[in-house]
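Under this note's numbering, the letters of the sequence shown match residues 413 to 880, in that order. Since the structure comes first, as structure tokens, the remarks are kept for the end.
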Amino acid sequence: MKIKHVPSSWLDHNGRRLDCGPYMSGAIEARELLSKLKTMPMHKLTAGHDGGIYNGPQFVRNYVTDPEFGVPFLTTSSMLHSDLSTLPLLRKADALSSKLRYLEIKEGMTLITCSGSIGRMAYSRKSMAGAWSNQDIMKVVANPDAILPGYLHAYLASRFGVPLIASGTYGAVIQHIEPHHIADLPVPRLKEIEEQVHDLIQQAADELSESSSLMASATNSLFANAGLNESQNHEYLSDEKRQGWSESSFDAFSLRALNYDPRSKGLWQAVSSIRHGLLGDLVDRSNFEGHIVFKRIDADPEHGVMLVGQRDAFHLRPEGRWISKKSIQGLGLQVPAGTTVIPCHGTLGESELYCRAALVTPRTSKYAYSGDFYRCIPREGTIPSGYLFAFLRSRFAFRMNRSMSTGSKQQYQHPVLMANMPIPRLDDEKEQEIASMVDRAGYLRDHALELEDQAVALVERAIEEGGR
Numbered sequence: 413m414k415i416k417h418v419p420s421s422w423l424d425h426n427g428r429r430l431d432c433g434p435y436m437s438g439a440i441e442a443r444e445l446l447s448k449l450k451t452m453p454m455h456k457l458t459a460g461h462d463g464g465i466y467n468g469p470q471f472v473r474n475y476v477t478d479p480e481f482g483v484p485f486l487t488t489s490s491m492l493h494s495d496l497s498t499l500p501l502l503r504k505a506d507a508l509s510s511k512l513r514y515l516e517i518k519e520g521m522t523l524i525t526c527s528g529s530i531g532r533m534a535y536s537r538k539s540m541a542g543a544w545s546n547q548d549i550m551k552v553v554a555n556p557d558a559i560l561p562g563y564l565h566a567y568l569a570s571r572f573g574v575p576l577i578a579s580g581t582y583g584a585v586i587q588h589i590e591p592h593h594i595a596d597l598p599v600p601r602l603k604e605i606e607e608q609v610h611d612l613i614q615q616a617a618d619e620l621s622e623s624s625s626l627m628a629s630a631t632n633s634l635f636a637n638a639g640l641n642e643s644q645n646h647e648y649l650s651d652e653k654r655q656g657w658s659e660s661s662f663d664a665f666s667l668r669a670l671n672y673d674p675r676s677k678g679l680w681q682a683v684s685s686i687r688h689g690l691l692g693d694l695v696d697r698s699n700f701e702g703h704i705v706f707k708r709i710d711a712d713p714e715h716g717v718m719l720v721g722q723r724d725a726f727h728l729r730p731e732g733r734w735i736s737k738k739s740i741q742g743l744g745l746q747v748p749a750g751t752t753v754i755p756c757h758g759t760l761g762e763s764e765l766y767c768r769a770a771l772v773t774p775r776t777s778k779y780a781y782s783g784d785f786y787r788c789i790p791r792e793g794t795i796p797s798g799y800l801f802a803f804l805r806s807r808f809a810f811r812m813n814r815s816m817s818t819g820s821k822q823q824y825q826h827p828v829l830m831a832n833m834p835i836p837r838l839d840d841e842k843e844q845e846i847a848s849m850v851d852r853a854g855y856l857r858d859h860a861l862e863l864e865d866q867a868v869a870l871v872e873r874a875i876e877e878g879g880r
């Protein structure tokens, strides 16, 4: 049960409304506080297509695999990801058509989910520019002559902005908001604080983009030095070897035809033919395999730990379930920074997270990861954790991981085959150099989120103090 004390003035200002929803959400409280400040309606501070606040039409999504003929396509889920290198490609001819060309994402936009889970946000950064968004992402484009985009984003993402946005939702089963629902949303003008907040948000965006660039550079350096070629989606998926082949090298662990696909078999042979180590020899086997089944006991945040599932593990800001920390002791669900976690349950769709790798950073090491991950914790002195992740995040390793699946609908990597996965090795100095790039990328990601938190806290404190 939730209890909240409501002043009678709030009832007066809202037509003596007695249903608890608006009062509990924080929307009415936010309006009451903002009424004491100098504000402007948001539509007077935006510019661009449809006045600078818009989403898009429903349209048929025609996907391609060759980057030459496609543009990265962002959805309400993937816009929250830290790594955007695995986005599907929307056909470029469709994206550049008059119907969809305005859905291109540019730096400095605030992206807001406007269907389903309302009010999730991202500030578009350099690594997002040039992607297209789906119809369920609303864009708010600040007029640079009227307001700084970083400040506008921080306000909208604050505990005052989010409830006001969500208060305009409609729909019985699937919730929605439309641009006109938030066009008149009051935006407080906070003088010099606006510039401070914008600088923090912009620095955070720059660091997130640099983090993504470093991750990609680390993987590229590994492949270049190992003499391997990264697996390209359009080449792999168009390779007709998958149509049929003969196979004589079966082993006792798998009789499944897909696991002997000559395309993935070629990847295994490429790594096995150079200096390599086996994954099972490099990591802590006592906490390696997934499929950990346990009882979830809910707990308050002050007494618990956030349980992160497969989807949330790839988000910049996971939204997991708080469970009792004591109840999971000894299960190995909490892992140290530098661990690579790989989803171990899922389906074989190209856009699915099954077999993709995520890095546990110092910030995310405080979470508990569900039983649906392989946990690659390097044994001391065997391999640098950042170097291992640089390989496992690649499309090359992703294809190798998928070639050891078992199951019917829900897939699961065979633990013996997983342990026998070859990992390319370089000299110690080069491995450490690559690992340092990944470590730096992880630090930048964590620091960027801290900067965003500082920016939002500045806005909230200024509003609470009456704009001083």
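Note that beta-carbon positions come from the ideal geometry of N, C-alpha and C, so glycine has one too. All values derive from a computational prediction rather than experimental measurement.
- Excluding the 5 residues flanking it on each side, E622 has same chain C-beta neighbours closer than 6 angstroms at L856, in chain order.
- The beta carbon of T487 is closer than 7 angstroms to those of N546 in its chain, skipping five residues each way along the sequence.
- Straight-line spacing of the CA atoms in G716 and G798 works out to 29 angstroms.
- DSSP lists V753 as the beta-bridge partner residues of A770.
- K551 is classed as buried because its beta carbon has at least 16 other beta carbons within 10 Å across all chains shown.
- In the DSSP annotation of this structure, the continuous segment of the beta strand (DSSP E) that includes G482 starts and ends at 482-486.
- Comparing C-alpha distances from E519 to each of S660, Q614, K456, L719 shows the shortest one belongs to Q614.
- For the 8 angstroms CB-CB criterion, Q825 and M812 do not form a contact.
- In the DSSP assignment, P453 falls within the unbroken beta strand (DSSP E) covering 451-453.
- Listed in chain order, the non-local C-beta contacts of E872 below 8 angstroms within the same chain comprise S570, R571, F572, local neighbours out to five positions each way being set aside.
- DSSP lists no bridge partner for G463.
- Look at I835 here: in three-state DSSP terms it is strand.
- Here V472 is exposed: its Cβ has fewer than 16 other Cβ atoms, across all protein chains shown, within 10 Å.
- The closest CA to that of G562, considering only H493, N467, E864, is found on E864.
- Beta-bridge pairing by DSSP links E659 to no other residue.
- Annotation: the continuous alpha helix (DSSP H) that includes T631 extends over 605-638.
- In the three-state reduction of the DSSP assignment, P556 falls in the coil class, being assigned neither a helical nor a strand state.
- Sorting P469, W544, L597 by C-alpha distance to the C-alpha of T458 places L597 at the top.
- In its chain, beyond the 5 residues on either side, G463, G464, I465, A595, D596 have a beta carbon closer than 8 angstroms to the beta carbon of H455.
- Per DSSP, H688 lies in no alpha helix (DSSP H) segment; the continuous beta strand (DSSP E) that holds it begins and ends at 688-690.
- If you draw a straight line from the Cα of L612 to the Cα of Q681, it is about 47 angstroms long.
- Contact between the stretch 654-673 and the stretch 744-753 is absent: fewer than 3 CB-CB pairs across the two stretches fall below 8 angstroms.
- As summarised for the stretch 785-832, the continuous alpha helix (DSSP H) elements at least 4 residues long and confined to that stretch are 797-804, 807-814, 827-831, given in chain order.
- Look at A534 here: in three-state DSSP terms it is strand.
- With respect to T759, L804 sits apart: the two C-beta atoms are not nearer than 8 angstroms.
- Our two residues, Q587 and S529, have alpha carbons roughly 7 angstroms apart in a direct line.
- Between A860 and P713, the alpha-carbon positions lie close to 23 angstroms from each other.
- By the Cβ rule, the stretch 618-635 counts as touching the stretch 489-508, because three or more pairs are nearer than 8 angstroms.
- In this model, L501 and R807 are separated by some 15 angstroms (Cα to Cα).
- Under the three-state reduction of DSSP output, A541 falls in the coil class, being neither helix nor strand.
- By the criterion of at least three beta-carbon pairs nearer than 8 angstroms, the stretch 720-730 is not in contact with the stretch 695-706.
- Shown here for D651: same chain residues with a beta carbon closer than 8 angstroms to its own, the five before and five after excluded, namely R675 in chain order.
- I704 is positioned such that its CB atom lies no closer than 8 angstroms to that of I735.
- For D696, the three-state secondary structure derived from DSSP is coil.
- A contact between stretches requires three or more CB pairs, one per stretch, nearer than 8 angstroms, and the stretch 534-541 fails this requirement with the stretch 474-483.
- Around E619, the same chain offers L856, R857, H859, A860, L863 as residues with beta carbons nearer than 8 angstroms, after the five sequence neighbours per side are excluded.
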